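Here the sequence shown stands for residues 799 to 1040, where the numbers follow my numbering. Where is the CB? At the ideal position from N, CA and C, for every residue including glycine. Bear in mind the structure is a predicted one, so any value in this text is a computation, not a measurement.
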Amino acid sequence: QSIFLTGATGFVAAYILVELLEQTTARIFALVRAESREHGMERIRKNLQHYMLWRDSYEDRIVPVDGDLKFPLLGLSPEYFYELAKTIDSIYHIGSKLSYIAPYEFLKAANVGGTQETLRLATTAKAKPYHFVSSLGILLGYRTPVGGGEDDELDAEKCPDVGYFRSKYVAERVVRKARDRGIPVTIHRIGLIVGDTHNGCSNEDDFVARILLGCIQAGYGPHITNSMDMTPVDYVAKAIVH
């Protein structure tokens, strides 16, 4: 009946938020950096409107939670954190700080710390199913196709030397430890995400969109012979919520 979601003002999580609203009857408690609950709802609404997803009926079931991934207890008071932990039935942790040039140290607080704090929420008051969106990038050092099974240990030596991928690698190791200790965990590993299949809305700041925009502006395109796997964002959201 109550789902906690991070990243609602981002790209992928916006579509997951809509799928949760469409496929369940639950209230969605959405973590958002805001000055007030009203400001938080405004940010969430504007983001969904940007991707042509907003419906007025959604507002009654979205509960903005004013907080921040990079702070202890997600920036919430201990009292509210505990009340939230008693209320929430499951968690979808999608939010992260994304940069391919920032060092690990800059991303650690939000990406690793945020994972630790959402896991704290998952283990406080009652155990809750925990959905974690990881990155295909942490496996780029493996040969293709990746051998072994989903439960195989990750190899730190094969994680690319990119701050973002390393922060997601460490975060996933933390999530796996929680799973080993009995928390019902699902890890969703996504790669390059592109615009949705219905209206073409895309995150203009994403890697693929930046390449396309740059090629258009320059009037040239790179001569690349390798294939790029690109997944529509609405497909990803439907798959994760399913």
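Query: Rounded C-alpha distance that separates F809 from R831; Result: 15 Å
Query: Where F809 sits in the DSSP three-state scheme; Result: coil
Query: Beta-carbon proximity list for V983, same chain, < 7 Å, skipping 5 on both sides; Result: Y928, F930, V973, A976 and R977
Query: Rounded separation between E1002 and A1035 - CA only; Result: 18 Å
Query: Straight-line gap, N997 to R853 (C-alpha atoms, nearest Å); Result: 15 Å
Query: Complete runs of the alpha helix (DSSP H) confined to the stretch 862-890 [at least 4 residues]; Result: 876-885
Query: Segment contact, 8 Å Cβ cut-off, at least three pairs: the stretch 948-956 with the stretch 884-904; Result: no
Query: Identity of the residues DSSP links to A828 by a beta bridge; Result: L803 and P862
Query: F879 beta carbon less than 8 Å from that of G961; Result: no
Query: Same chain, Cβ closer than 7 Å to Y898, five either side skipped, listed in chain order; Result: V960 and Y962
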